[in-house]
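In my numbering, the protein residues as written are 440 to 667.
For each residue, glycine too, the CB sits at the ideal point set by N, CA and C.
Since this is a predicted model, take the numbers as computed values, not measurements.
Pasting the structure below:
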């Protein structure tokens, strides 16, 4: 049996990571991608989500459900609150981009986690929301300069190097791109804040020596558990 998972995207960069996450974590699923590439830019211009943008996201979710989706995944973390509203309106599972990942952190109760993002604002937003659900977990947020460009280009070695340098706290050294200090020994988990940087989670975990959580993979596994 196959399941249709509608993925509502706010940027083309999240499409492949969401598809790959479903392929690994929910192989019975077929991804159906919906894209509104103005959702992020308009929210940024407005200083955050507005009632009009929330209605627009809810309309996209309704379109997906009416079109036969068995579940809906929002790949943009900014629109997580819309998932909560949509669950009151629809009988199918609707999940925000990183809800499953945050729930996993809350279950594990690590002492300290590191959130990596492609931008300062994105990393800070993820960290703020994680603190709201993870109790007494110490959360540190860092942006990785160059991560967005590497992800957009599909340059996974460069993306891994960039994220690794940020996690290890060393300044980039063009002559020795992978030489850096060890990651903070107090960090028990590393979380990737955006779908676009998640394709390198396995290699990054190997390099850092700590588990690295991928939001699309965690979301896919949660949807599989809900539907099967």
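According to DSSP, residues forming a beta bridge with residue i
i, result
"residue 577", "551"
"residue 472", "446"
"residue 441", "Answer by DSSP bridge pairing: none, since residue 441 is not bridged."
"residue 510", "444"
"residue 652", "630"
"residue 583", "According to DSSP, which records beta bridges pairwise, residue 583 is partnered with nothing at all."
"residue 533", "511"
"residue 519", "Beta-bridge pairing links residue 519 to no other residue."
"residue 487", "DSSP, once it has assigned bridges, lists no residue as partnering residue 487."
"residue 556", "582"
Local Cβ density within 10 Å of residue i, reported as buried at 16 or more and exposed below that
i, result
"residue 534", "buried"
"residue 600", "buried"
"residue 560", "exposed"
"residue 604", "buried"
"residue 583", "buried"
"residue 624", "exposed"
"residue 528", "exposed"
"residue 476", "exposed"
"residue 491", "exposed"
Rounded distance between the beta-carbons of residue j and residue i, thought under 8 Å
i, j, result
"residue 461", "residue 470", "5 Å"
"residue 500", "residue 472", "Residue 500 to residue 472, Cβ: 14 Å. No contact."
"residue 580", "residue 556", "7 Å"
"residue 656", "residue 606", "18 Å between Cβ atoms; not a contact."
"residue 589", "residue 597", "4 Å"
Beta-carbon proximity list for residue i, same chain, < 7 Å, skipping 5 on both sides
i, result
"residue 591", "452"
"residue 644", "650 and 651"
Own chain partners of residue i with C-beta closer than 6 Å, once the 5 adjacent residues on each side are dropped
i, result
"residue 514", "446, 448, 453, 457, 536 and 634"
"residue 539", "657, 658 and 661"
"residue 498", "none"
"residue 545", "572 and 573"
"residue 541", "569 and 572"
Euclidean distance between Cα positions of residue i and residue j
i, j, result
"residue 632", "residue 440", "32 Å"
"residue 489", "residue 483", "10 Å"
"residue 620", "residue 530", "Residue placement at residue 620 is flagged as unreliable, the pLDDT there being 37, under the threshold of 50; a coordinate-derived value is accordingly withheld."
"residue 565", "residue 466", "27 Å"
"residue 569", "residue 543", "11 Å"
"residue 574", "residue 627", "16 Å"
"residue 576", "residue 485", "31 Å"
"residue 629", "residue 651", "5 Å"
"residue 532", "residue 507", "12 Å"
"residue 594", "residue 578", "28 Å"
"residue 464", "residue 481", "32 Å"
"residue 562", "residue 550", "19 Å"
"residue 522", "residue 622", "34 Å"
Own chain residues within Cβ distance below 8 Å of residue i, not counting five before or after
i, result
"residue 503", "445, 447, 471, 473 and 511"
"residue 640", "631, 651, 652, 653 and 656"
8 Å Cβ cutoff, residue i in contact with chain B
i, result
"residue 465", "The question asks about chain B, but that chain is absent: this structure has only one protein chain."
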